[in-house]
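Novice:
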Amino acid sequence: MTIEVNTPTLSPLSTDARSLRPLLEWLARRAEPVVISLGAILAGLALFSLFILVVGKSPADLFRLMYTGGFGSWFSIQNSLSRAAPLLLTALCVALPARLGLVVIGGEGAVVLGGVAAAAIALPLTASVSPIVVIPLMAIAGMIAGGIWIGLAGVLRHYRGVNETIASLLLAYIAIALMNHFIEGPLRDPASLNKPSTAPLPAEYMLGNIPGMDVNWGLVIGIVACIIAWVLIEATSFGFAARIAGGNVRAAQIQGLPVGRLIVGFTALAGSFAGLAGMVEVAAVQGSANASLAAGYGYTGILVAFLARHNPLAIIPVAILLGGIDASGGLIQRRMGLPDATVLVLQGTLFVVILLCETFYGRFKIFNPDLWKSPGLRSNLSEGTA
Amino acid sequence: MIQIRDTPLPRAGKAVGIQTIGMTMRFGSFTALDNVSIDVPAGTFHALLGENGAGKSTLVKCIMGFYHQTSGSLSVDGHEVSVQSPKDAATYGLGMVYQQFTLVPSLTGAENLVINRAHVPAIINWAKERKELAAFMERMPFKISLDRPVSELAAGEKQKLEIVKQLYLGRSFLILDEPTSVLTPAEADEMLGLVRGMTERGELTVLMISHKFHEVTKFTDAVTVLRRGKMAGSGLVKDLTTKDMAAMMIGDVKLAELDTRLPVPADATPILVVSDIKAPDRTGLKMIDIGNLTVRAGEIVGIAGISGNGQKELAEVLAGQRPPEAGSITVKGSLYGATRRETHINNVRFIPEEPLNNACAPKMTVTENLAFRTFDVKREGGDALWLDMKSMRRRAASLISDFKVKTASHSSPIASLSGGNVQRAVLARELTGDVDLLIVSNPCFGLDFSAVAEIRARIMKARNSGTAVLLLSEDLDELLEMSDRIMVMSDGRLVYETPALSADISVIGAHMAGHH
């Protein structure tokens, strides 16, 4: 460490500005995704308001109801959190492959197969084996089923060059067909008449609620999964290798990184998170595997992951926000006479606006960390560059 | 709007001259072109020299109307004109041949010419067009078949066709942007000789962007040199030496000097041995077929060849990006499959061409990019599960200062660095530590003099310390300067080998062109 003696005297103001600059630089770097995502949500809400005006209702009333229905009371908060739980896991199914540069949108398939696998493994065991063994087994079965399903899209992608987006979507349809086959055929409980289902799980084999809340353990599982995924990506060498492959696959190959194994491993892990969501649906909500598994959590997860920019920690607040929007659907239906699908229109609008806003990254000079480096640069940059 | 013009309409086959006066172009605070005045009289062959980023392309883009200059003016045959777009430029007879080909590969030469005309009839009478084209080609010094699809033409023929296209469209002033970069020396000489003939007959004026001094001295009349957007000098070629021109281009920068080349011992151990490798090329239609390629410790083996003759595929095979169908690669005596473990154990390093696109993750930070080779090994050896961000940052800081990488901050995305600094960062990553085998591909493409000199010095230093170097390059001068042995690759095979000291450039050129 050297001490400079002859530094020219600086005015107090410029010293202040200089000490602030690293902070401003850091802020500029970090603020971009937050500001753009929030801007996208606001723009999406504005567009949606137009739609509401066209159908002759008041957007202000609607947003007020949405707030009440999603977050206005302890009851509605719990409702929102319950709905957020599966979204945490299905969003990871999109976010993890996305860090490798893959767009996987077939999480729904992993959800339904995970649910069926969990129910299938539990049924023969409920008579004789203790829940402490059966519940983890259900989770493992769900994760394996989901992992194989999305991992298959990764295998097709790496070894046969099949587009993973299309493959995972088509695999989701096959998965739903398989689920229908099992719950209407081999696994059907003869007592389920109107809605074909597997036999219901006895109460002691269900995942209960978090103590003191009317929210099941799925929320905790989802949050823990998000934290694990974040640590994996940001703090381990596997995650770093995946980020290199996602950033430039050619550079990863030149470094001798096992790109194929990374792709298959990450897609399988992503699928196992979605499969776990299916297990939670069976073991905590439905009590059996049935057509309600295909409730669209896999698709809403895509929206959550994109809104969170594939950052596993950002998925947590985004999933809760979308859980809230979802939770308010019933209230909107009752109070405003709008159909339940109204919230789906909102979700779709948000998704399109978010995809559009991806093109704004790097367009705003205020987020350019270089802008905050030297005072001279600032006025020059604002003149506009080619 | 009707444009009022006082210049006579250009006539095909009658050269026009141009002049720029005080041309200045600013992008925000950056001045790309500062008060540049050049004079290219009708019927002359004028060279525009300068390093990357010196403002050559900015100047020609202003002339062609792609950019609108901040101040300054352009005259054609002594009349000031306003060129708002390339279309305007065409009306004055100004045309440009780009570095990359702009012909449609699946169409024939004749079709390419006709569809590029300003007014193409909805239904083309091909019989009539062919007759007119035949008459037009009679007047051309270039002899090329117009009936074959462009994809079947050799690079030299395509380049001639590009020029013919401009002449067919009635241009009488042509800008050629590094027109010989994809040609063999013989093709380049022939093409430039024909262009020279047209200027001497007063049919054409040419402004050629180039960085090859031998072309400039052999074919052009006058030269203008730009440096950092300013005029660094100009004059008649006959009054200038190559040294004068180089001095104008780089200014008073001190270039890194190559180490003296240590002799390769006769018993140097072979490090890389490639035998009987066969692999499909990127089209999947042809095979590359390398019989025997050996690189010994302490020598540089250069692979020459025109782009697209399998060099890229060979590099990909060696880097494990393209699995070979047959044959074997050994490094230091053991089979080599380019896995991460094998590259670590044998100290193999790759420096691919266009490092930003092939060796970096552009959006990741400089620090992260510098860690690509070491992030998964502990300092004391063994696989690391957890990233050690602290030592990553420390290592990056020392590499950045050792290799003088200029970056705004260590956490800037690497894509924000200039080309030379990206290449320095990649060299810093790959040349630190023990290196037994270094595979380099076009390391200096698109870099300025000082970066080129520094990068070559580093490679030479590695060679002298015992690294086996395989250098794939499209730049013959670079190969002649750097290599101990030169091999020529043509049509997927190694067809010729010569020691660099006794190499005959015309023989190498003939093999590059496929005459063997």
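Line order of the protein sequences matches chains Z and L. Residue 1322 in this note's numbering sits at position 210 of the first sequence; the count goes up by one each step and never skips. Residue 194 in this note's numbering sits at position 166 of the second sequence; the count goes up by one each step and never skips. We put the CB at the ideal spot given by N, CA and C, even for glycine.
(1) Please go through the region 122–169 of chain L and give each complete beta strand (DSSP E) segment of 3 or more residues, from N-terminal end onward.
(2) Check the Cβ of G1273 of chain Z against every Cβ in chain L and list those closer than 7 Å, keeping chain order.
(3) Which bits of chain Z does D462 of chain L rub up against, with CB to CB less than 9 Å?
(4) Using the Cβ count rule (16 or more neighbours within 10 Å means buried), how would you classify V1554 of chain Z?
(5) Does the distance from the C-beta atom of S7 of chain L to that of M488 of chain L stay below 8 Å?
(6) Pick out whichever of L:T402, L:P114, L:G448, L:A425 has its Cα sitting closest to the Cα of Q1367 of chain Z.
(7) Touch check for the region 1383–1403 of chain Z and the region 1142–1155 of chain Z: three-plus C-beta pairs under 8 Å?
(8) Could you name the residues that DSSP lists as bridge partners for S469 of chain L?
(9) Suppose you measure from the CA of G361 of chain L to the CA of T322 of chain L; what does that come to, to the nearest Å?
(10) If the cut is a Cβ gap below 7 Å, which residues of chain L does Q1365 of chain Z touch?
(11) Going by DSSP in three states, K258 of chain L sits in which element: helix, strand or coil?
(12) Count the other CB atoms within 10 Å of the CB of N1306 of chain Z; is the residue buried (16 or more) or exposed (fewer)?
(13) Comparing alpha-carbon positions, which option in L:P177, L:V125, L:L122 lies nearest N140 of chain L?
(14) Could you tell me which whole alpha helix (DSSP H) segments of length 4 or greater appear in the region 268–328 of chain L?
(15) Run through chain L and tell me which residues come within less than 8 Å of F1352 of chain Z, C-beta to C-beta.
(16) Look up N449 of chain L in the DSSP assignment and say whether it is helix, strand or coil.
(17) Using a 10 Å radius around the Cβ and a threshold of 16 neighbouring Cβ atoms, would you call P1302 of chain Z buried or exposed?
(18) Find the nearest neighbour of V1336 of chain Z within the set Z:P1451, Z:L1319, Z:L1425, Z:A1347, judged by alpha-carbon distance.
(19) Ordered along the chain, which non-local residues of its own chain (more than five positions away) have a Cβ less than 6 Å from that of N320 of chain L?
(20) To be precise: take each residue of the region 191–225 of chain L, compare its Cβ to all Cβ atoms of chain Z, and keep it if any distance is under 9 Å. Which residues remain?
(21) Cα separation between R255 of chain L and D503 of chain L?
(22) Give me the subset of the region 1338–1349 of chain Z whose CB atoms are less than 7 Å from a CB atom of chain L, sorted by chain position.
(23) For M51 of chain L, which residues in chain Z fall below 9 Å Cβ to Cβ?
(24) Excluding the five sequence neighbours on either side, which residues of its own chain have a C-beta within less than 6 Å of the C-beta of A1197 of chain Z, listed in chain order?
(25) Is there a C-beta anywhere in chain L that falls below 8 Å from the one on N1292 of chain Z?
(26) Could you tell me whether any Cβ in chain L is nearer than 8 Å to the Cβ of G1359 of chain Z?
(27) Near V345 of chain L, which residues of its chain fall below 7 Å by C-beta distance, leaving aside the five closest residues on each side in sequence?
(28) Quick one: give me the first and last residue of the alpha helix (DSSP H) that Y95 of chain L is part of.
(29) Look at the Cβ atom of R1355 of chain Z, then the Cβ atom of R1211 of chain Z, and state whether they are nearer than 8 Å.
(30) Nearest to T606 of chain L by alpha carbon, out of L:M165, L:G312, L:Q187, L:M259?
(31) Examine chain Z for any beta-carbon lying closer than 8 Å to the beta-carbon of K266 of chain L, and answer yes or no.
(32) Could you tell me if the beta carbon of L313 of chain L falls within a distance shorter than 7 Å of some heavy atom in the ligand SAH?
(33) With distances taken Cα to Cα, identify the nearest neighbour of G1227 of chain Z among Z:L1136, Z:A1257, Z:L1462, Z:F1463.
(34) Which whole-angstrom value is the C-beta distance of T233 of chain L and T72 of chain L, which I expect to be below 8 Å?
(35) Assuming I334 of chain L contacts V210 of chain L under a Cβ cut-off of 8 Å, what Cβ separation, rounded to an integer in Å, is found between them?
(36) Which of the three DSSP states is assigned to Q47 of chain L in this structure?
Specialist: Answer, in terms of the structure:
(1) List check, beta strand (DSSP E) in window: 122–125.
(2) Proximity of chain L to G1273 of chain Z at the Cβ level (cut-off 7 Å) is not reached, the minimal Cβ distance being about 13 Å.
(3) The CB of D462 of chain L never comes closer than 9 Å to any CB in chain Z; the least such distance is about 17 Å.
(4) Examination of residue 1554 of chain Z is not possible in this model, given that chain Z is present from 1113 through 1498 alone.
(5) Residue 7 of chain L falls outside the range modelled here, since chain L spans only 29 to 544, and no answer is possible.
(6) If we check each option's Cα against that of Q1367 of chain Z, L:T402 comes out closest.
(7) Three or more beta-carbon pairs separated by less than 8 Å are not found between the region 1383–1403 of chain Z and the region 1142–1155 of chain Z, which leaves the two stretches without contact.
(8) S469 of chain L pairs with L:L500.
(9) Near 12 Å, if we compare the C-alpha coordinates of T322 of chain L and G361 of chain L.
(10) Result: A347, G348, Q349.
(11) In the structure shown, K258 of chain L sits in a strand (DSSP, three-state: E or B).
(12) It is exposed - the Cβ of N1306 of chain Z has fewer than 16 other Cβ atoms within 10 Å.
(13) With distances taken between CA atoms, N140 of chain L lies nearest to L:P177 out of L:P177, L:V125, L:L122.
(14) Those alpha helix (DSSP H) runs which fall completely within the region 268–328 of chain L and span 4+ residues are 270–278.
(15) What F1352 of chain Z touches in chain L: E396, A399, F403, D404, L415.
(16) DSSP places N449 of chain L in helix when its eight states are reduced to three.
(17) With fewer than 16 Cβ atoms within 10 Å of its Cβ, P1302 of chain Z is classed as exposed.
(18) Per the Cα distances, Z:L1425.
(19) If we look at N320 of chain L and ignore the five residues flanking it on each side, its Cβ neighbours are S303.
(20) Under the 9 Å Cβ criterion, the region 191–225 of chain L contributes no residue.
(21) If I take the Cα positions, the gap works out to 23 Å.
(22) Cβ contacts with chain L come from A1347, T1348, S1349.
(23) Those within 9 Å of M51 of chain L in chain Z number zero; the least Cβ separation is about 16 Å.
(24) G1330, L1331, G1334, listed in sequence order.
(25) Chain L, which has no Cβ nearer than 8 Å to the Cβ of N1292 of chain Z, makes this no.
(26) For G1359 of chain Z, the answer is yes, since a Cβ of chain L falls inside 8 Å of its Cβ.
(27) Here the set comprises I305, A307, P352.
(28) Here Y95 of chain L belongs to no alpha helix (DSSP H), and DSSP marks it neither H nor E.
(29) Yes, these two residues count as a Cβ contact at 8 Å.
(30) The displayed coordinates of chain L run from 29 to 544. Any statement about residue 606 of chain L would go beyond what the structure contains.
(31) For K266 of chain L, the answer is no, since every Cβ of chain Z falls outside 8 Å of its Cβ.
(32) With respect to the ligand SAH, the structure offers nothing, as it holds no ligand at all.
(33) Of the candidates Z:L1136, Z:A1257, Z:L1462, Z:F1463, the one whose C-alpha sits nearest the C-alpha of G1227 of chain Z is Z:A1257.
(34) The Cβ separation is near 6 Å, so the contact holds.
(35) The beta-carbon distance between I334 of chain L and V210 of chain L, rounded to whole angstroms, is 7 Å. This is short enough to meet the 8 Å contact definition.
(36) Note: Q47 of chain L maps to strand in three-state DSSP.
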